[in-house]
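K.L.:
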Amino acid sequence: MKHILQVLKFEYFSCIKSKAFILTTILLIATILFMTFVPAIISAVISGSEQSSEEGKQPVIAIVNHAYESDETVREAFTAAYQKDEIRISQEDLESLKSKVKDGTYEFAILMETPLTYTYITKNNSLMSATDQTVNELMTTIYRMTSMTELGIDQEQAAQLLTTRPAATTITTDVDQTKNYFSTYILVMLQYIAIVMYGQMVSQSVVSEKNTRAMEMLISCAKPSHLMFGKVIGSGLGGITQMILILSVSLLSFHTINMDNAFTRQILEYVNFSLDTVLYAILFFILGYFIYSFLLGALSSLASRSEDLNTLITPVMMLYVAAFIVVLMCMNSDQINGPVMIVCSYIPFTAPIAMFVRIVMSDVSVIEVIISVCVQLFSIYLFGMLAAAIYRIGVLLYGKTPKPSELVKLLKEQHKNRQALKKRQS
Amino acid sequence: MSELSFLTAEYDFDGNDGIEKRGIAVELSVSGVVKNFGEKEVLKDISFQARSGEALGLLGRNGAGKTTTIRIVMGVFYPDQGEILIDGKPINRKKLRLGYLPEERGLYPKKLISEQLLYLAQLRGMNKADARKACDRWLDRMGMSEYKNKKLETLSKGNQQKIQLAATLMCDPHIVILDEPFSGLDPVNAMLLKEVIQEMIDGGAVVLFSSHQMNYVEEFCDDIAILNTGRIVKAGKITDIKRSYPRDRIEIQSEQSEKLIPYLLEKMGGEIFSADTGKENHHTLLIRLKDASAKNRLFQTISQSGFDIDSFHVCEPSLNDIFVEYTEAGI
């Protein structure tokens with residue numbers, strides 16, 4: 010146990026001090042900050058520039074009305090929507106409007122050809138700006154108001170008819186999948202990347218210890234199983250450290266951000282990490298990580314050179330990719346509680362992703378969760394034991410990678426000798 | 003000058019660093035060890051003993067099974083049969099400290115030297131404070147203090163070797179296993195290492211020494227065990243082994259060696275098998291007697307001859323000759 014802790018400490022600090030770790034953490038955090046803050050910054054800059062132009066003179070919106078007889082309805086509608094701006098009804102042609110929008114005389118301009126066709130002239134069409142949608146809504150409203158008035162409904166009634174909406178209440182008996190689809194997707198993706206990344210980190214570190222022959226020294230200081238458990242747990246803790254860093258930065262940045270922004274509001278509506286979701290994500294990351302990294306660590310110990318590594322770990326990696334794809338397909342085809350997903354949530358290789366998705370996106374009974382977690386814990390124990398036995402053989406094996414049949418034979422032999430030795434000693 | 007200062011640096015071998023001192027003398031026996039890898043029989047019934055305060059030379063050609071034997075002693079491999087005993091009881095590796103310098107050298111090239119030395123010492127059961135002290139002491143002893151916070155890969159091969167030695171010996175081991183410790187060391191460093199090994203032996207460690215450099219083996223080891231194709235083909239004290247050879251070869255140094263031959267042939271012709279001057283040195287006279295018992299008579303004959311004699315001695319087989327004789331039969 011003491012050895013495991015010492016190896017763990019050494020591997021953990023090696024992991025978090027490694028260039029790869031520092032670089033990916035910085036890059037991921039920078040990406041998250043960029044994605045959350047940049048829209049806010051952009052809109053702040055935009056509104057700032059709007060304000061500065063306001064100081065000099067009132068912004069002007071030019072409207073050329075070829076669609077309706079009266080300009081009043083149009084003016085009223087736009088004035089209501091853009092109270093700070095001057096609404097100028099003009100008779101200019103398209104070219105003149107364009108040049109004036111370009112030189113900043115007009116904030117934007119609208120050329121109404123018929124009641125249902127218009128041209129919207131603006132300097133920049135930003136993703137963050139909702140002006141084009143507002144204009145479109147205004148045009149619709151104007152059309153409907155005018156039409157209704159023509160049909161004999163007075164303006165007040167017409168306005169009421171147009172603004173009244175039915176009040177809706179949605180009751181979801183399970184979990185509202187529309188709301189957490191994206192957050193689940195993001196977490197599954199993160200888990201996938203983290204397991205692949207840290208699993209490979211374990212692989213690489215095993216092979217490099219063998220390659221640099223540091224293993225020869227280590228093996229004389231500690232049991233191979235202790236070395237492996239320490240390494241796997243140490244790198245795993247490194248992974249959790251990174252995950253916690255990234256998740257907390259994203260949670261913090263989401264909560265400190267200026268919410269009054271169309272784009273971020275939209276993101277927040279879909280991306281919504283609740284605390285228990287995050288905790289489940291970490292739990293299933295840990296389970297999945299151990300299942301895969303024990304296998305990867307053991308297989309990597311059989312490689313003598315980094316070139317052999319790919320051949321050895323590809324089958325395990327493929328298994329994981331397949332698990333990931335199956336779960337994503339079920340997520341996308343509304344089969345979250347379908348038979349495939351139910352089976353997948355009890356198979357150790359797929360359970361870490363499948364069960365997590367089912368918990369977050371549907372209503373799963375506690376018993377099911379417990380069974381799935383137990384299955385995973387038991388397979389971690391089994392894989393751990395198996396991996397320790399393979400590791401013992403692998404770490405001092407140089408040259409040709411043994412075939413699976415040879416490996417089984419070596420494992421049996423080792424087991425027999427170990428039992429015999431124990432018997433003799435007792 | 004500073005290069006040599008570490009040679010005289012005082013080394014507190016039984017230093018009170020809180021490390022348990024090496025206990026009373028122990029005997030390490032490898033008893034009837036058999037090991038197969040699949041179909042391949044690597045060790046067939048290996049037995050030998052080594053005692054504290056002595057070094058045992060483990061000799062054998064490449065692939066003879068030395069490393070496998072060492073790994074079984076270290077507990078890295080399980081033997082198929084046989085066992086490792088300490089004073090007749092199965093070895094408890096938790097109670098003994100073992101230091102192993104593998105033939106394949108290697109540590110973490112990208113890590114700081116102090117970092118990896120501390121790590122290995124702690125894995126061997128030292129607490130952090132003791133490990134730090136031992137690390138400083140051994141780096142100083144090896145003349146490597148200035149490299150403490152350098153990465154291993156920045157050092158020359160010989161210096162990396164010294165770091166590895168420090169890592170092996172840092173925990174003050176009861177049993178020291180050195181596999182080719184002198185390879186790659188310059189003469190000054192070799193001298194330093196010789197001193198360190200001698201101190202280990204004098205300090206009561208069991209030293210297993212595996213090398214192909216016979217001069218070093220002769221220098222340290224009282225006993226040897228020669229392995230060939232997985233068996234011990236010869237084991238025992240070097241002096242006894244040498245004495246066991248017939249003492250019928252005599253080497254005489256004399257300026258008058260060429261005149262001496264006809265004289266001796268005339269006086270003792272019946273007892274001399276052959277007499278030649280040395281190929282490289284004409285003053286050397288090599289005589290092979292038909293029977294070793296004629297040795298003293300030869301000495302008397304020469305001393306009475308009146309020739310000027312510089313030396314007269316029995317030629318013992320070198321360790322190299324013995325090694326070749328026992329291992330030539332092949333792998």
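Same order as they appear, the protein sequences are chains U and D.
Be aware that the first sequence starts at 10, since it is given in our numbering, and climbs by one per residue.
Be aware that the second sequence starts at 3, since it is given in our numbering, and climbs by one per residue.
In this text, a Cβ means the ideal position worked out from N, Cα and C, and glycines have one as well.
1) Since R251/D contacts C173/D with CB under 8 angstroms, what's their CB separation in whole angstroms?
2) What residues match up with E253/D in a beta bridge as DSSP calls it?
3) Per DSSP, what kind of secondary structure is E95/U in: helix, strand or coil?
4) Among all the DSSP beta bridges, which residues are the ones paired with E343/D?
5) Consider the Cβ of M10/U: report whether some Cβ of chain D lies at a distance smaller than 8 angstroms.
6) For N319/U, name the three-state secondary structure that DSSP assigns.
7) On the DSSP bridge list, what partners appear for E146/U?
8) Please classify R107/D as buried or exposed, where buried requires at least 16 neighbouring CB atoms within 10 angstroms.
9) Take the Cβ of I362/U as the centre, count every other Cβ of all protein chains shown within 10 Å, and call the residue buried at 16 or more, exposed below.
10) Compare the C-beta of T221/U with all C-beta atoms of chain D and state if any pair is closer than 8 angstroms.
11) Is the beta carbon of I242/U sitting closer than 8 angstroms to the one on L17/U?
12) To the nearest angstrom, report how far apart L98/D and T250/U are at their CA atoms.
13) According to DSSP, which residues form a beta bridge with F184/D?
14) Output the distance between the C-alpha atoms of I402/U and T410/U, rounded to the nearest integer angstrom.
15) Identify which residue in Q166/U, I291/U and L304/U has its Cα closest to the Cα of I399/U.
16) Count the CB pairs spanning the stretch 226 to 234 of chain D and the stretch 37 to 50 of chain D that are closer than 8 angstroms, and state whether there are at least three.
17) Pairs of beta-carbons, one from the stretch 313 to 323 of chain U and one from the stretch 205 to 221 of chain U, closer than 8 angstroms: are there three or more?
18) Taking the beta carbon of Y390/U as the centre, do at least 16 other beta carbons fall within 10 Å, making it buried, or is it exposed?
19) Does DSSP classify T128/U as helix, strand or coil?
20) Is it right to say H176/D is buried, meaning 16 or more other beta carbons lie within 10 angstroms of its own, or is it exposed?
21) So is D323/D in contact with chain U if we call contact Cβ pairs under 8 angstroms?
22) Out of V73/U, R97/U and E85/U, point me to the one whose CA is closest to I119/U's CA.
23) Please report the distance separating the alpha-carbon of E63/U from that of Y115/U.
24) Would you say I399/U faces chain D, with C-beta separation under 8 angstroms as the test?
25) Could you work out which residues of chain D lie near E20/U, taking near to mean beta carbons separated by less than 9 angstroms?
26) For M121/U, which of helix, strand or coil comes out of DSSP?
27) For L406/U, collect the residues of the same chain with a Cβ closer than 7 angstroms to its Cβ; drop the 5 residues on either side in sequence, then sort them by chain order.
28) Kindly indicate which residue of P124/U, V69/U and K111/U has the alpha-carbon position closest to the one of S99/U.
29) Go ahead and label V436/U buried or exposed: buried means 16 or more other beta carbons lie within 10 angstroms of its beta carbon, across all protein chains shown.
30) Would a check of beta-carbon distances place D82/D closer than 8 angstroms to chain U?
31) What ranges does the alpha helix (DSSP H) occupy inside the stretch 343 to 422 of chain U, keeping only unbroken runs of at least 4 residues that lie completely in it?
32) Quick check: what's the CA-CA separation for Q51/D versus K281/D?
33) Here's the rule: buried if 16 or more other CB atoms are within 10 angstroms of the residue's CB, otherwise exposed. What is K23/D?
34) Along the stretch 148 to 182 of chain D, where does the CB come closer than 7 angstroms to a CB of chain U? Name the residues.
35) If we define contact as Cβ-Cβ less than 8 angstroms, is V198/D a contact residue for chain U?
36) Can you find the residues in the same chain that come closer than 8 angstroms, C-beta to C-beta, to I380/U, ignoring five residues on each side of it along the sequence?
P.N.:
To lay it out plainly:
1) At roughly 46 angstroms, the Cβ-Cβ gap does not stay under 8 angstroms, so R251/D and C173/D are not in contact.
2) L288/D and H315/D
3) strand
4) The first residue shown for chain D is 3 and the last is 333, placing residue 343/D beyond what the model contains.
5) no
6) Residue state for N319/U is assigned as helix, using DSSP reduced to three classes.
7) Answer by DSSP bridge pairing: none, since E146/U is not bridged.
8) buried
9) buried
10) yes
11) yes
12) Between L98/D and T250/U, the C-alpha separation is close to 37 angstroms.
13) F184/D is not bridged to any residue.
14) 11 angstroms
15) L304/U
16) At 8 angstroms Cβ cutoff, the stretches touch.
17) yes
18) exposed
19) Residue state, collapsed to three classes: strand.
20) buried
21) no
22) V73/U
23) Note that E63/U has pLDDT 48, beneath the 50 cutoff, so the model's placement of it is unreliable and the number below is only indicative. Their Cα atoms are separated by approximately 12 angstroms.
24) No - not a single Cβ of chain D is within 8 angstroms of the one on I399/U.
25) Ordered by position in chain D, no residue passes the 9 angstroms Cβ test against E20/U, which lies about 10 angstroms from the chain.
26) strand
27) Residues L311 of the same chain have their beta carbon placed closer than 7 angstroms to that of L406/U, with the five preceding and five following residues left out of the count.
28) Closest in alpha carbon position to S99/U, among P124/U, V69/U and K111/U, is V69/U.
29) There is simply no residue 436/U to check, as chain U begins at 10 and stops at 435 in what is shown.
30) yes
31) 348 to 353, 360 to 370 and 375 to 403
32) 41 angstroms
33) Reliability fails at K23/D, whose pLDDT of 46 lies under 50, so the model's placement of it is uncertain and the value that follows must be treated cautiously. K23/D is exposed by the Cβ-count criterion.
34) A169
35) no
36) Y355
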